[in-house]
Amino acid sequence: MNILVINCGSSSLKYQLIDMTNEEVLAKGLAERIGIEGARIKHKPSGKEDVVIEKPMSNHKVALEIVLNAIVSPDHGVINSMDEISAVGHRVVHGGEKFSGSVIIDDEVMEALRECIDLAPLHNPPNIMGIEACQELMPNVPMVGVFDTAFHQTMPEEAYIYPLPYEVYEKYGVRRYGFHGTSHKYVANKAASVLGQNIDDLRIITCHLGNGASVAAVDHGKSVDTSMGLTPLEGLAMGTRCGDIDPAIVTFLMEKEGLDIDGINNLMNKKSGVLGVSGVSSDFRDIEEATEKGNERAKLALNVFARRVKKYIGSYAAVMGGVDAIVFTAGLGENSPEIRETICEGLGFIGIEIDKEENNVRGKDKVVSTEDSNVKVLVVPTNEELMIARDTKELI
Ligand code: ADP
Numbered sequence: 003m004n005i006l007v008i009n010c011g012s013s014s015l016k017y018q019l020i021d022m023t024n025e026e027v028l029a030k031g032l033a034e035r036i037g038i039e040g041a042r043i044k045h046k047p048s049g050k051e052d053v054v055i056e057k058p059m060s061n062h063k064v065a066l067e068i069v070l071n072a073i074v075s076p077d078h079g080v081i082n083s084m085d086e087i088s089a090v091g092h093r094v095v096h097g098g099e100k101f102s103g104s105v106i107i108d109d110e111v112m113e114a115l116r117e118c119i120d121l122a123p124l125h126n127p128p129n130i131m132g133i134e135a136c137q138e139l140m141p142n143v144p145m146v147g148v149f150d151t152a153f154h155q156t157m158p159e160e161a162y163i164y165p166l167p168y169e170v171y172e173k174y175g176v177r178r179y180g181f182h183g184t185s186h187k188y189v190a191n192k193a194a195s196v197l198g199q200n201i202d203d204l205r206i207i208t209c210h211l212g213n214g215a216s217v218a219a220v221d222h223g224k225s226v227d228t229s230m231g232l233t234p235l236e237g238l239a240m241g242t243r244c245g246d247i248d249p250a251i252v253t254f255l256m257e258k259e260g261l262d263i264d265g266i267n268n269l270m271n272k273k274s275g276v277l278g279v280s281g282v283s284s285d286f287r288d289i290e291e292a293t294e295k296g297n298e299r300a301k302l303a304l305n306v307f308a309r310r311v312k313k314y315i316g317s318y319a320a321v322m323g324g325v326d327a328i329v330f331t332a333g334l335g336e337n338s339p340e341i342r343e344t345i346c347e348g349l350g351f352i353g354i355e356i357d358k359e360e361n362n363v364r365g366k367d368k369v370v371s372t373e374d375s376n377v378k379v380l381v382v383p384t385n386e387e388l389m390i391a392r393d394t395k396e397l398i
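Residue numbers (the working numbering): 3 to 398.
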């Protein structure tokens with residue numbers, strides 16, 4: 003059974019075709035610059051040469067059509083015909099309060115997704131476009147929606163209600179939803195299996211540290227708190243996002259800098275985070291390089307980032323009454339021994355002791371704490387696509 007996994011951004015479409023008999027990736031790729039000049043698809047078929055297809059793509063449907071042709075083509079293809087695709091799994095960013103798990107997409111679900119646009123105006127519209135493109139091109143293939151927010155729907159009320167007038171929750175759904183749920187769920191479960199323990203016996207803090215970054219408290223397999231909120235802006239400092247700030251800064255800066263709503267949103271989402279503090283880059287590789295060369299603001303940006311992760315680890319240990327494992331994942335979490343070490347430094351008082359040698363690892367499942375560390379620290383590469391494919395298989 004082959005499952006196609008689709009993840010659409012505003013001008014991009016990521017895909018993977020996975021053979022679910024052995025969970026092998028048959029092909030994967032990325033269509034970028036959809037709707038703008040210079041559109042191209044990087045297609046990576048397993049066992050064949052990678053190829054870059056450069057063609058104008060006015061919208062996601064055109065991009066998907068080219069992707070599907072590539073997947074079945076004699077030169078770059080991995081299957082003989084579209085009939086060999088049993089189902090499509092779609093990543094959907096915001097499922098609001100409606101979805102606490104993955105669902106088969108029907109008209110009612112589509113309506114609910116449209117209702118969530120207000121909550122995720124940048125993310126849900128391209129997700130919906132991707133689904134509609136698939137529905138047009140593969141009308142008889144079942145589709146499943148897998149939500150970034152779903153895993154966090156188990157949070158207790160006191161974790162998701164903001165101390166604002168209660169009516170804003172009732173009227174507009176203003177509450178913590180949390181994101182990266184598919185990743186937090188995957189790495190928490192994987193960590194339990196790497197440790198040879200049952201997830202129902204563990205209190206785990208998962209740190210998804212990529213361009214977007216969030217931390218989750220996973221208590222006996224359930225998310226009980228997470229750092230992102232109504233939107234993916236809250237919580238950690240990120241590549242370009244500020245995360246937690248004094249909310250009064252918003253109106254203060256609007257007044258001082260003469261910013262309107264778009265202006266302040268742009269400042270907080272695109273010009274802040276490690277980019278804003280360092281003035282160097284939003285990419286942690288550039289920041290680490292600049293730090294090594296003695297750039298003080300780059301170093302400050304890394305320290306601001308690490309301190310905040312540390313603070314969340316401390317607070318989530320408090321929320322769960324202790325912690326058994328810390329998991330690092332995503333671009334930075336998987337690949338930067340330095341940032342893992344800085345974050346864990348000084349956490350010996352709650353039983354976290356990283357092993358510097360073991361920690362010198364990139365991109366593979368591994369325990370990186372010392373033998374006697376009470377809390378196990380792990381690196382677990384995330385695999386959101388596989389998670390989406392597994393949910394899709396289960397539902398169809
Ligand atoms: P997203 O999916 O949110 O775009 P990723 O999980 O792909 O993010 O992470 C991307 C980030 O990971 C990059 O911005 C980069 O800063 C960081 N990263 C990737 N590889 C490394 C590395 N070897 N060392 C340090 N940081 C890295």
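Just so you know, even glycine gets a beta-carbon here, dropped at the ideal spot from N, CA and C.
- For the 8 angstroms CB-CB criterion, residue 146 and residue 106 form a contact.
- Contact residues of the ligand ADP (beta-carbon closer than 7 angstroms to any heavy atom; chain order) are 212, 213, 214, 241, 284, 285, 286, 287, 290, 332, 333, 334, 337, 338, 364.
- In the DSSP assignment, residue 243 falls outside any alpha helix (DSSP H) and carries neither an H nor an E.
- With contact defined as three or more Cβ pairs closer than 8 angstroms, the segment 43 to 58 and the segment 132 to 140 are not in contact.
- Residues of the same chain with a CB within less than 7 angstroms of the CB of residue 127, apart from the 5 flanking positions on each side, are 119 in chain order.
- The DSSP-derived three-state label of residue 393 is helix.
- Put simply, the backbone Cα of residue 368 is about 5 angstroms away from that of residue 381.
- Scanning its chain for C-beta atoms nearer than 6 angstroms, with the 5 sequence neighbours on each side dropped, one finds around residue 292 the residues 282, 300, in chain order.
- For residue 226, the number of other beta carbons within 10 angstroms of its own is at least 16, and it is reported as buried.
- Under the three-state reduction of DSSP output, residue 307 falls in the helix class.
- Counting only residues of its own chain and dropping the five nearest sequence neighbours on each side, residue 245 has a CB closer than 6 angstroms to the CB of 237, 238, 239.
- Taking a cut-off of 8 angstroms on C-beta distances, the segment 327 to 340 touches the segment 182 to 193, as three or more cross pairs fall below it.
- Here residue 333 has 211, 212, 213, 286 as same chain residues with Cβ atoms under 8 angstroms from its own Cβ, once five neighbours each way along the sequence are excluded.
- As computed with DSSP, residue 209 is found in a beta bridge with 217, 330.
- Here the C-alpha atom of residue 361 lies approximately 37 angstroms from the C-alpha atom of residue 267.
- Rounded to whole angstroms, residue 352 and residue 378 show a C-alpha spacing of 11 angstroms.
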